[in-house]
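Structure, as structure tokens:
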Amino acid sequence: MTLKMNQDTARLQGAFLLADKLCVPSSLSSLQKADWSRVGRPVLEALREICGGEELCGRPTASAVVWLKTLVSSVWLKVLCGETGEDVETAWRENPFFPLQNGLPEVNRVVLLEVVKSTATARIFAHFLSSLPHSQICTELERLVRHVRSDPTGEEDVALFLEVWWELWKGGDEREAGAEDTAETMFAGQFARLLAESSSASPQAAKRLKLDASDLLPSPPTADVLHVLLHALRDLKEHVSTAELCLQALSISLDALHTAFLADRAAVLPAEEKLRVLCEVVGVRAQSGEELGPELIREAQRDVQASHAPSRFQPGGMKLAEALTIVTELAQFWSGGGLLAACGGSKPSCSAFRLEQSVQKVLVALKKEEEPETDGGEKKALRGLLESLAFPAAKSLPDVSARVAAAIVDHRLDGYQDVALLFASERSWAARDVLWTDCLERNQAAFQRLDALLEVTAALQDKLRGEGADVSRCRRLMKVAADIFSALSLKDKNAALAAALRRSGGGLFGGSAPSAVTAGFEQELNMAFNCIIQGGGAMAAQGNLNTAVSLVARVAFQNPEATLRACCHSAVFNKGAFSLMAKILQQLHGLRGGVEAEDGTDGGPGGGALLCRCLRETIGTKSLSANEKEQLLEYLGLLMTAVEGGEEEEEEEERRSFVTPQEVANIFVLPNISTSGHSSLDVELCLRLLQTALSVDVPDASSRPHWALDCSPFPLLYVLAQLQNQTLRCWEQPPEGAVPRWSMDAKELLVSVLTTLGRVVGAEVAAAPSRWSRALFWLYNKTAELDWTVRFHLKAVWGEHFKNEVPSSLLAVCDLPEQDWVGSDLPQYGQGTGLLAWMECCSASDHLRATMLSGLSLDQRRPDHVGMFSKGLLVALTQTLPWCSVSQWTRLLGVLRELIASGRLHVPFSLEYVEYLPLLDLRSFSCELRLSVLLLRAFQLLCGSSCSGWLPAEGWAHVGRLYAHAVRGMMSSVRAKLTLPSATSPKAPEPSCTSITARKLSEDLQETGGSPLKSKEEVETVPCQEVLFVLSQLFCHVQHIQVMMPGGQSEPLFLSSLEVLSHYEAVMAAFPLSSSPLESDNTRHFFSTITDNLQDPQMKAVLQQKIAQLVSA
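Just so we're on the same page, the numbering used here is the position in the sequence shown counted from 1, plus 49.
In structure tokens, the structure reads:
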């Protein structure tokens, strides 16, 4: 900043020149204090005109302050230039005040200090003084003191001294702290430059400086600011002639004593206490006619801060005892003159209030002070004198506190953040709707902190619960609270959401808001979720996800229950939205908390978490489609997965899931899973939910009992066992009150869930068997009424506590150890049913299958035993097959293969589908051929007149799927035995009767699942004719069974036939010499004849078209 010449500058310079002429025969450079009143009028009048005609002693405008600062700094530097002999050539380039300063006549310090006194610029003078080094401050204060003490000394001189003292104690204006182009900074720079130039001046200049300043006594080495000020005040005590001036002087001296000696560190006043003191100061000054505005409050804040914080002018050589002596002497002198009696008047004044605050602080500090040097009479005398003072009670107007707080927040005055919190929490101010609401609206940024938001929310809910709430104002406050919430960090948002859920009713509305107040919320909620859903996959990106989280958090803060219900509805019924909704909620873990459930229990784990309750209500009244059920499962699965905190989380939180598996089990599974099937959720969905919950990886699971133990595990196991018992006869008409007919997929699911839960509970039982003994016996006894195979799935629960109880007929065909197995007489398992029980055990589990195979009692040396066993096994297979699930059927197929391979199961292979005896080596395919014939015989029994009424249409469809599964397994086994050579093998010779040499690699065979290539250098021979023969037999068996089955329209068997023909065609294409044209024609004719027996014309046409394509290359 450089001062520019203009009309006002010239006017001010002219005024000083005129004043200089009025000093004739002297000049302003030698002016005496008494002469200022005679010569200073032109300067004051010019300054008054420049400042807009205002009185200089009032509160100046901003432009006037600039001019006053310019004037004081220019005059001061002019004085210093006269003392140091500044070089003009240097000054005009480096001195920003040069334009005004150079046009002024030579002046002395009398002119400077009288200008300061006349223009009421002691504050500006003190600010400039504060910017100087400490030693220079002491020097300048001594010069000020000499000027004040010089004749004539009046009250204005003492007032100037006290004001400079107190402004110096308060320090510079914080608004200008750190700025590089302020007047104070530039003044300090010029001051330092002049001092530096004077120290390196020529001898003549140094001699002139010494002569000019010969009247100034040097400061003693031990002098410090407080020493100068206290001793000066003691010298001026007789000139303090009014009560007001006395109260100011004693108050300032006590505050200086306290902050220099007795205050070890800055006193951190609570916001309430600081605001109370401010309000009392402002109230007293307002009663004196001062306008309650930001400048008044700012000054009061500076006063409070200066009187509590340790002074930056710490004493050097001065001791506390010396300071106490001076202050005590002053207080006694003024008390003896009756000046302190005015502080007890009925009408409070600002000076009296300030003195009261100073006295209280010093008395408290003196009681704590225990230094020996202060134990003398000074301390006792000062305490006694201060304690004898009486002060009027300060009364602040009712409006003052709220208005002061609002002004501090409005103008961002010191400590406005704490005042904002106090403003939001003070219910008496909140009752003043206009002031409180308007301040919140204007200053939302000041309230953007968690504690302030919670207070605003609590005040709003108080208004909503009160009678005659102003709807318009409440809606404004709701918007303010929502806006403040939206500006918080994610961590604070989650804390606010958690606090909202802890409140009665939850959310901003609190369950008590009138409909007129919440009228716009539904629209905001719909807009938020429409925006998220329409964003689709783009919302999954991190930036968009943060936006989505903010949108949901805002509406959740207002009404968490409605928001969670909307989340659940979108996750279940909007295709693909479950993942995004789960990601959003995982960021908003503050919504994890529970609210009080309808039954009065806590909404924590086991009582009804809010999200689970909302989800239950969302799906409870609707029939879910298969896709909606899948989305529900995926949604809950993601929410049960433990995740880390969000990106904005400052502290690492424990990994937690939004919904715990225990909550899902307690809220969705336990109330709905039953043997009756009458519930809001179907049993299969409950099982899938339980399976998902059991598969969740729970953090720190090893350090605490499994969550399933808090979900009534033994009753749940019993219900699952009852359901498993129902699935054993799934094709029979279910009894009244039972679950509707089970699907095989549901049966598999039930076994999986029962086994998994059994392992979990069994591990806990094994860890503490005595604790669970009664529950174990209860469960074992309850399952006695169920099918005997059900207990095998609960073996993991009771381990070795109980033996395996099986039909006695099983022990007749299988050697089992008595220590683990015990027979039981079951009415439905009479004589000759041992193999049926044996087959049921084989299908139950892999472990039982191995046990049954190893314990099978069969004397293979006796053909009659093998023949009877084979016939009995065929009957048992026919009885077991329809009720097998895919996994059980896979186990049984493995049992049949092993029995056939070991020779224990005799299956004669007849050539009923062969016109001529083939000269082939079929020994390597004997297992597949015998298994296919065995299944054919089983289906001949099953489709016979005695068994055809066993199954409904769904049962026959399931049996067809099981047989198609077996056919695929046999085809895979056959293909594995057809080894293909590499494409670079040499040309093969003509084929023999049993084998041919491969010529090329069939891509078609690869596409249909051929075995991996094995590169060999030598020529390989492959049993391609044998493979074609086996495939032809499989095709005939499949066609035979399809014709036998009721309806003859089994789609799985039709597809199996097509698959067999595709493999047949691929082998023929890969090995064209495997059959002659005549043989190929005969095969096509033979297959067509078999296919003619099909009833469905479309299936027949497709198969015959496929058969027609079986041509040899």
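Where is the CB? At the ideal position from N, CA and C, for every residue including glycine.
Identify the continuous beta strand (DSSP E) that holds residue i and give its terminal residues.
i    : result
G872 : W870 to S873
E854 : N853 to P856
Along the alpha helix (DSSP H) that carries residue i, what are the first and last residues, could you check?
i     : result
E813  : M793 to A816
H1112 : E1100 to A1119
E204  : E204 to K219
S123  : A111 to T133
F177  : A171 to S179
T776  : P762 to T776
N579  : F570 to G584
N543  : L539 to R551
M1148 : P1146 to A1157
K844  : K844 to W847
R476  : R476 to A479
R347  : P343 to H357
A64   : Q56 to L71
M917  : P912 to T929
Could you check the C-alpha separation between residue i and residue j for me, to the nearest Å?
i     : j     : result
I581  : I633  : 10 Å
L948  : E1114 : 32 Å
A646  : A742  : Annotation note: pLDDT 40 at A646 (below 50); position unreliable, no value reported.
L265  : A59   : With a pLDDT of 39 at L265, under the threshold of 50, the modelled position of this residue cannot be trusted, and the question is left open.
F958  : S934  : 28 Å
G1097 : Q1091 : 5 Å
P154  : T168  : 19 Å
C100  : D69   : 22 Å
F496  : L736  : 49 Å
S1022 : L945  : 14 Å
A372  : E322  : 29 Å
A631  : A1157 : 55 Å
R808  : V846  : 6 Å
L983  : C617  : 53 Å
E246  : T231  : 23 Å
Q867  : L860  : Looking at the sequence itself, residue 867 is Glu, so the reference to Gln does not match. For E867 and L860, the distance between alpha carbons rounds to 10 Å.
G998  : F763  : 38 Å
Do residue i and residue j have their C-beta atoms closer together than 8 Å?
i     : j     : result
D511  : R476  : yes
K82   : H176  : no
Q635  : F534  : no
L282  : T133  : no
G921  : L875  : no
L209  : V164  : no
W215  : L161  : no
T724  : Q771  : yes
P1072 : K1026 : yes
R522  : D482  : yes
E797  : L758  : no
Could you check if residue i is buried or exposed, using at least 16 other CB atoms within 10 Å of its CB as the buried criterion?
i     : result
A64   : buried
T1138 : exposed
C579  : Note on identity: in this sequence residue 579 is Asn, with Cys being the wrong assignment. Exposed, because fewer than 16 other Cβ atoms sit within 10 Å of the Cβ of N579.
A1047 : For A1047, the pLDDT reaches just 33, beneath the cut-off of 50, and the residue's location in the model is therefore unreliable, leaving the point undetermined.
Q1154 : exposed
V317  : exposed
My guess is that residue i and residue j are in contact by the Cβ rule of under 8 Å, so how many angstroms apart are they, rounded?
i     : j     : result
E56   : N144  : Rather than Glu, the amino acid found at residue 56 in this sequence is Gln. So it is not a contact: roughly 21 Å between Cβ atoms.
A507  : L484  : Between L484 and A507 the Cβ distance is about 18 Å, and since that is not below 8 Å, they are no contact.
E683  : F627  : 5 Å
V1087 : S1106 : 5 Å
L30   : A469  : It is not possible to answer for residue 30, since the shown part of the chain is limited to 50 through 1162.
Q909  : R953  : 6 Å
L659  : P720  : With 8 Å as the limit, L659 and P720 do not qualify as a contact, their Cβ atoms being about 17 Å apart.
W887  : C863  : 6 Å
L435  : L412  : 6 Å
G879  : S906  : Contact doesn't hold; Cβ gap of about 19 Å is too wide.
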